Amino acid sequence: MTEVERLLDSLEEEIRSGKKAMFAGAGLKLVDEFKCLEYINQIRNMLPSTISEARVVLADKNDILENAKSNANAIIEGARRQAQTLVDEHAIVDEARRQAQGIRDEAVEYANRVVSDTYKYLCGMTDDAYGKLNEAIQAVIATRRELDSKMR
Numbered sequence: 001m002t003e004v005e006r007l008l009d010s011l012e013e014e015i016r017s018g019k020k021a022m023f024a025g026a027g028l029k030l031v032d033e034f035k036c037l038e039y040i041n042q043i044r045n046m047l048p049s050t051i052s053e054a055r056v057v058l059a060d061k062n063d064i065l066e067n068a069k070s071n072a073n074a075i076i077e078g079a080r081r082q083a084q085t086l087v088d089e090h091a092i093v094d095e096a097r098r099q100a101q102g103i104r105d106e107a108v109e110y111a112n113r114v115v116s117d118t119y120k121y122l123c124g125m126t127d128d129a130y131g132k133l134n135e136a137i138q139a140v141i142a143t144r145r146e147l148d149s150k151m152r
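Printed below as a string of structure tokens:
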């Protein structure tokens with residue numbers, strides 16, 4: 001469980017454990033505003049690091065893709081050199097080209113899978129963080145409205 005998730009759980013528990021307000025409608029509770037706001041501030045302070053971590057993962061994805069392309073190019077270049085050495089034997093040259101293309105295709109496919117998987121992971125991570133943060137904010141807004149209406 002991440003620190004952000006732990007704080008969101010604490011915020012949720014604070015809201016759920018609030019005492020029901022007297023003479024208030026269903027679902028209205030009294031909560032410790034200071035605690036709720038403190039949880040929100042801690043979450044806000046953590047978000048930049050979470051976003052930075054996502055950027056690092058994205059940068060790693062680019063490095064992996066570049067490495068895969070570089071490896072594919074090295075394999076292709078090696079196959080070309082080998083084919084040049086065997087140029088007198090036409091069947092061997094054709095086979096080397098076919099194998100090099102197959103290896104290149106596999107390397108490109110692997111790189112594409114890595115990019116796709118990384119993108120899905122980042123989307124899931126940011127969607128999850130956004131959803132949890134939005135839920136927490138909505139809960140705090142609702143609590144604040146309840147408190148405001150009771151103070152009037």
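Heads up: the sequence shown begins at 1 in the UniProt record's numbering, then just goes up one per residue. Heads up, the beta-carbon is just placed ideally off N, CA and C, and yes, glycines get one too. Since the model is a prediction, treat every value here as computed from it, not as a measurement.
Here Y119 is not near K35, since their CB atoms are 9 Å or more apart. The alpha-carbon of Q101 is positioned some 7 Å away from that of I76. Residue pairing from DSSP places L30 in a beta bridge opposite K19.
Using a Cβ distance threshold of 9 Å, A54 and L147 do not count as a contacting pair.
Within its own chain, the residues whose Cβ lies closer than 6 Å to the Cβ of A79, once the five positions on either side in sequence are excluded, are A96, A100, listed in chain order. If you check the CB distance, A72 and R104 come in under 9 Å. Short of 7 Å from the beta carbon of V108, and not among the five residues preceding or following it, lie these beta carbons of its own chain, in chain order: A72.
For E106, the enclosing alpha helix (DSSP H) stretches over residues 90-151.
By the Cβ neighbour-count rule, K19 is exposed, with fewer than 16 other Cβ atoms within 10 Å of its own.
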